[in-house]
Each structure stands twice: as C-alpha cells, then as structure tokens.
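Note sheet for the following structure.
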C-alpha cells in the first residue's frame, strides 16, 4: 500500500500502538457509530501471528500490523467492536481462522490488550495467487502507478481473463458473501468500510444482496486517467469501475485522483457526473467521490524520537555521518524510482566535485515483492547502479552511497532525525507518508525534495523542492540547491511542513470520512424512525434579518413566536402537532446568544459556532478537542486587533465569539476589502494553526476542529430526535450541508 510507512512491515512488532490521535478517534467513533455495526473489509488482517519457538524459548504472540491502514482503521475496529474481514493469506492466518467460533469470527488480543474481531476468508492458495500475485499485483498496481512499458507490456490474454474470473472476482465474491453473512446476523444496520484496490468488486456484490446497506471504500493508491484504464479489456475495466460504484462514498488521496475517477465514469461508462459536487449518478443513486489525504499519527512518531532503540541507532549514525547527509527511506518497489534517484545524485557529484568526501547518500530500503520477476530485477538494478557509482567516485574512507537493505523501523526513525536532504521522488504514489514522517521527525531542519507526482505533493509541494521524477538533471540540481540552502530558509520550510502535518494528522483523515458517513447514517435512522420532524434552521438571514452590527439582530416576530412554542409546548412529543416536532437553531453565532434572542425553552437546542459548541437546557457544552485551541484563538484575535490598529482595513470590525473571531467588512466601500480580509485572517490563522471560514462580507478565524452546519445537524438528529424527516432552512452556502443530512 503506497500510503504505508516504507520501513516496518515485520518491524511493526517493535512499534507502539499509537498516540493521542488514536484515543481521539476512538472517542469520536464510539459516539458516532453507536447505531450501526461497522464491518471493515481489507486484504490483510490487522495483526499477525508469531508462533512459539521452543528452541528459542519464545511464546506465541499476536502483533499489530504496520502502516496507516491498521493504525487508523484498527482504532475504529477496537472502538466499535467492528468485524474485520480479511483473507487468510498464510498458514499463520489459517491457524487463527481455525479458532473462530460458530459465527466464523475469532477474537484476537495483542500483548497491549488491543482486541480485534476478525473473520477470515480462505480462498485457497491457487485462487489467492491469481487474485493477488497475477491480477492485483502487478496488473492493477502497474496500471494505477503508470508503470507499464506499453510498447512491450502487459500482454492481455487468456491468463489475464482467468486471473480476473477465477482469481479477482472469485475472491471478491468470498469477501462479499462474508459481509452479507454478517449483515444477516446483525440486528442493526451495517456500515461496510472497504479498503483499497484488491477489493473493487466487493461493494457492488454486497449491494446486490443488501440494497439498503451503507458502503464506503477508500483507495490508497492513485487512480489513473480514463485512457490508461483502456489497457484492460472493456469488460474488465468496466467491471472494476461498476464494482466500486456500489459504494455510497468513494475516497481517494488527492483531488487529482477524484478528478480522474469522475472522468473515468463519464468517458468510459457514459455516466452523468457533477464535478462541482463531486458526485456520480448511477442506478438511481448519487455516489459521493471525496478526497481524504491519509496522514500519520503525530503523537506516535514524536513519542518515538526519544525511544532507547532510536537513540542507540542515532548514536551509531553520528559516528559515521558526513558533513551532508541525503536520505531516502523506501521499499524496492518500481514506483519508488530509486534508480533515477541514484543517477541524479551521480550527476550532482559530476557537477560539484567540491562535495566529494563531504556528502553521502544513505538509501535505507526494504525488499518488496521478491516473488515477482520485475521486482527481483529492479532490486538487482538498484544494487548494480549503486555499485557502479561507488566504484566511480569512492575514495579512501568515503563511499558516495550507503545502501542498506533491511527492515528496521527504529533505524528509519533515527535516519529521519539525521538527514539534511530527504529525497522522495516516486514515479507516482497515492500519498507517500515518508515525506510527512521524515520532516516531522527531523531535527536538522532538513529539506524535502519531492516528486510532483506524489500524493503528498498536493499538501506539501509549496514547502518542498519540487522535481519531475523522470528528470534526473532537475533532481540533481534540486539536491544541490537543498544542500546549499541557507539555514533561515531551511528552518522556515521545515517548521511549516511540521505544522501542516500536525494539523492534518491521522485523526483528520478518519474523522473527515466519518463526518461524511454520519450524513448517511442520519438518513438511515430517519427512515427507521418514521413519524417525526426535526426543524434545523439558521438564525441570521433566516429567522432574523441581516443587520450591519451582529449585536443588533432581532428575530422576526412570527419566527420568534414559533421558536418559543416549538421549544416549550410539548411539540417534541407531538402535543399540538400532527407528529413530534423538534427545533434546533444551527448558527455561526454563540449558541447561548441565539437561545437568549429567541427565548428558547427547554425543548429547544442551539448549535453555535458552526457546530463547535451547543446550548441545551440552559447549559453550553464544547465539542471534543475545542477547548485546547482556545488559547491559540485568543492570541490570533490579539494579532487581528493589532493589525486593525495599524490601519489595515480601516473601518472593519471584529466580532469575538466563543470558538471564533469574525472580521466584518459589511459597510466598507473600498474595492478588494473582502479579499484583503481573507488574506489577513488567513495569515493569522496559519501562524496559529487555526481554520478560516468565509461568510457574507466576513472572514472568520476559528478553532480547527472539522465541523460545519451539516455535522452539527446530524449530531442533533442522532442525539434523541425521534424524527423521520428533517427540514433545513438557511440563506447562504454555509447552510447547504444541512440539506445533505
């Protein structure tokens, strides 16, 4: 999986379970998914068995798997007691599968008391080989990373057809059947979370058996252009795309992948597509296509920096490191572009002999898929090019390239801490977390040289030295410029990358998906809880006219009367109404401010600051994660006051709220005032890691907890409102998310 940490497949045994991010995910998912049964579907199980060895005196152990998938989805699995459906790929997996109960599920607990419920699917060795080693890898992997030499490969023939029919489709059918079996046992709706490219057909197969199931799939690797999919015969490529369209939501790493998928649906299948709303229309359904860039558990990595094993490796590095250290940490996958990286380094040494004996390129690599001929040959090329460069330039006591092929996660973290330049130049990559992990851990203000085709470039490209992964001369120049960059610029770039990674960590990745799923869950609950109505309404511009000064707003008389009646008359229980009716005011204002202006009674609810806090029964509660950001918000407000005091945006006004501060430009006639307000607020927000929201003649800096009016309305609906329908009312784009609940 291109999103996983490059080092540490087997080395995951030494990794801690995770940081504070995972605790946040667990708390969030328990609250959100309490009315559904999650089922995670992935090729690999979340843990592996290490058998007892009497000769070494070791006992049987269960070890958590490595990578972003297990880190994030594993937390969701343990928080909700989800079933994790996985292939029995090895004899060790089959041993675990044999311990399952009558329901086919085995509960497995690791040494740190992390418990998983796993349902294994056993396709048999031959079918699994066709599914994984022939069709998924290399065929799909090569297509989705643009790796085929199309003048020679691939050759599509009867072997391809057999791998599709008897391998890929057959194994996907086994996974789908296992999900259907779980659905029949469950007394609550199923939420099925499918992972990655090996299981594209599962969603359509599941939906055919359970039409009202909710399905979401995240694709961890790139999605290529519609034309590149035409490597495959029409029946196969259409089968893949139609299979994934069985989902309600499809997630990708980057906006580029989202765009390519929408184009594929439109051009290859002739389906209707809404590019603005990122939606595909198929078989009477609207399928959402979204971008969820995966990230790392920041707390886990920062906690590892002082781990004894990392410190020991760091001491060993210090004993041999040269003046300048260029690093790459990768698998020996063709997509990682290791050979071109070496050639670029060679070009740099040719052009800059003054760097000889002062610089070293450390390639810390892990073998990848050595059962596939192309991968074995590529590893041979890596070793061969490295040897040639070393023979050409080596001098007594200096080796230009230090090549280590091993699986040592702690050494990788120590290497991250030590580099001056980190080269990440994949041909194409879904995300490539090395770019995020490396700079996050680095303690030398190292420079990131990053391929424009890495998914991480969409987030980090402005802060890295961008290279075309095929252009070795450009890469050579980028390496040299990185080594020559002055310390102030290095520090500024490194700090901004670290801030970006911290602000968009693994918690953001999973919660963004769950927020979208919450909208779907709310729809399911509405259908099940027939017989009621929840009214979710905005305040300014809906219940009250827009005014120049927010403090002067007053609700319309009839709106105020209706709000007062709905919030205290027993309407929630159906008194005086045809069905139970609930009222929630969802606003950007402070919730208690709106409750006071409307004289809300005990049956009403007000969600303020776009869902960051809520008033109910006279009490205000902040959402999880909000309070810790309030000092940063106070500092940002001070900066805005200072800027206005220096006559930047004369006449603009600040409105201070509990979880946000608004810069109002209403009434200003100067051209460009709105744009200048957004620039000013954006500058301050970036300084403190806060979020920015644009409104009508206003720019808002707010706590960076991902909330909007849609998520607020969905929370209210899910918290005891026994209604079958939702009426949403608003006056601008910020109210649109309520319409999707």
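Numbering (the numbering used here), first residue to last: 2 to 742. In this text, a Cβ means the ideal position worked out from N, Cα and C, and glycines have one as well.
Secondary structure at residue 117, three-state DSSP: helix, strand or coil?
-> Looking at residue 117 - three-state DSSP - the assignment turns out to be strand.
Original post:
residue 737 by DSSP, collapsed to three states: which one?
Top reply: In the structure shown, the three-state DSSP call for residue 737 is helix.
request  = Pull up the distance between the alpha-carbon of residue 569 and that of residue 188, whole angstroms please.
outcome  = About 35 Å.
Evaluate residue 337 with the Cβ neighbour count: other Cβ atoms within 10 Å of its Cβ, from every protein chain shown; 16 or more gives buried, anything less gives exposed. Residue environment: residue 337 is assigned as buried (16 or more neighbouring CB atoms within 10 Å of its CB, all protein chains considered).
| Nearest neighbour of residue 137, chosen from 125, 161 and 545 [CA to CA] | For residue 137, the closest C-alpha among the options 125, 161 and 545 is that of 161.
- Item | Cβ separation of residue 63 and residue 110, assumed to be a contact under 8 Å, to the nearest whole Å | With a Cβ gap of about 7 Å, residue 63 and residue 110 count as contacting.
Checking contacts by CB at 7 Å: is residue 244 closer than that to chain D? This model lacks chain D altogether; it includes just one protein chain.
Nearest residue (CA-CA) to residue 133, options 167, 120 and 117 = Per the Cα distances, 167.
- Message: Using a Cβ distance threshold of 8 Å, determine whether the stretch 196-203 contacts the stretch 174-188, with at least three qualifying pairs required.
- Response: Contact between the stretch 196-203 and the stretch 174-188 is present, with at least three C-beta pairs closer than 8 Å.
Find the nearest neighbour of residue 240 within the set 170, 221 and 465, judged by alpha-carbon distance. Comparing alpha-carbon positions, the option among 170, 221 and 465 lying closest to residue 240 turns out to be 170.
Practice item. State the start and end residues of the unbroken alpha helix (DSSP H) segment that holds residue 39. Key: Not the alpha helix (DSSP H): residue 39 falls in the beta strand (DSSP E), residues 38-42.
Using C-beta distances below 7 Å, list every residue in its chain close to residue 495, excluding the 5 sequence neighbours before and after it, in chain order. Listed in chain order, the non-local C-beta contacts of residue 495 below 7 Å within the same chain comprise 440, 443, 446 and 447, local neighbours out to five positions each way being set aside.
| query | With 16 as the cutoff for other CB atoms within 10 Å, does residue 152 come out buried or exposed? | reply | Burial call: exposed.
- How do the stretch 672-692 and the stretch 607-618 stand: do at least 3 beta-carbon pairs fall below 8 Å, yes or no? With the cut-off at 8 Å, the stretch 672-692 and the stretch 607-618 do not touch.
- Task: Grab me the residues of residue 389's own chain with a C-beta within less than 7 Å of its C-beta, minus the 5 sequence neighbours each way, in chain order.
- Result: The answer is none, since no qualifying residue turns up.
_8 Å contact criterion, which residue 433 and residue 456 should meet: CB distance rounded_ = That belief holds up - the Cβ atoms of residue 433 and residue 456 are roughly 6 Å apart, short of 8 Å.
Nearest-angstrom Cβ-Cβ length linking residue 86 and residue 41, presumed shorter than 8 Å = Indeed, because the Cβ distance is near 7 Å, the residues count as touching under 8 Å.
- Task: Spell out the partners DSSP gives residue 245 in its beta bridges.
- Result: Beta-bridge analysis with DSSP links residue 245 to no other residue.
Notebook entry, point to check: In chain order, what residues of the same chain lie with their CB nearer than 7 Å to the CB of residue 438, ignoring the 5 residues before and after it?
Noted result: Excluding sequence neighbours, residue 438 sits near 6, 297, 302 and 417.
Every unbroken alpha helix (DSSP H) inside the stretch 212-244 [4 residues or more] | Unbroken alpha helix (DSSP H) runs of no fewer than 4 residues, entirely contained in the stretch 212-244, are found at 227-230, following chain order.
Let me know the secondary structure DSSP gives residue 253 once reduced to three states. Strand at residue 253.
Exercise for review: Starting from the N-terminal side, write out each stretch of the beta strand (DSSP E) that is 3 residues or longer and does not extend beyond the stretch 424-496.
Suggested key: Restricted to the stretch 424-496, the beta strand (DSSP E) segments that are unbroken, complete and at least 3 residues in length are 448-452 and 466-468, listed in chain order.
**Asked** Should residue 594 be counted as a contact of the ligand SAH given a C-beta to heavy atom distance under 6 Å?
**Response** The ligand SAH is not part of the structure shown, which contains no ligands of any sort.
Q | Extent of the continuous alpha helix (DSSP H) run through residue 160 | A | Residue 160 -> alpha helix (DSSP H) spans 159-163.
Give the DSSP-derived three-state secondary structure of residue 405 in the structure shown.
The answer is strand: DSSP assigns residue 405 an E or B state.
Nearest-angstrom Cα distance between residue 391 and residue 488? CA-CA distance, residue 391 to residue 488, rounds to 30 Å.
Open item on the list: Using C-beta distances below 8 Å, list every residue in its chain close to residue 641, excluding the 5 sequence neighbours before and after it, in chain order.
Closed with: Sequence-distant Cβ neighbours of residue 641 in its own chain, meaning closer than 8 Å and more than five residues away, are 655, 662, 664, 681, 682, 685 and 702.
Roughly how many angstroms lie between the CA atoms of residue 420 and residue 414, to the nearest whole one? Their backbone Cα atoms lie some 11 Å apart in a straight line.
What three-state label does DSSP hand residue 289 in the structure shown? DSSP, reduced to helix, strand and coil, places residue 289 within a strand of the structure shown.
Can you find the residues in the same chain that come closer than 6 Å, C-beta to C-beta, to residue 124, ignoring five residues on each side of it along the sequence? For residue 124, where only same-chain residues beyond five positions count, the Cβ hits under 6 Å are 172 and 175.
field: Whole-number beta carbon distance between residue 198 and residue 145, since they are thought to touch under 8 Å
entry: By a beta-carbon distance limit of 8 Å, residue 145 contacts residue 198. Their separation comes to about 6 Å.
Practice problem: May I ask which residues mark the beginning and end of the alpha helix (DSSP H) holding residue 686? | Solution: Start and end: 674-689.
Checklist line | residue 583, enclosing beta strand (DSSP E) - first and last residue | finding: Its beta strand (DSSP E) spans residues 582-587.
Requested in this report: Taking the CB atoms as reference points, tell me whether residue 543 and residue 731 lie closer together than 7 Å.
Outcome: A contact, by the Cβ cut-off of 7 Å.
Where do the ends of the alpha helix (DSSP H) carrying residue 143 lie?
Taken as a continuous stretch (DSSP letters only), the alpha helix (DSSP H) holding residue 143 covers 142-145.
Problem set entry | Rounded straight-line distance, which links the Cα of residue 612 to that of residue 604 | CA-CA distance, residue 604 to residue 612, rounds to 18 Å.
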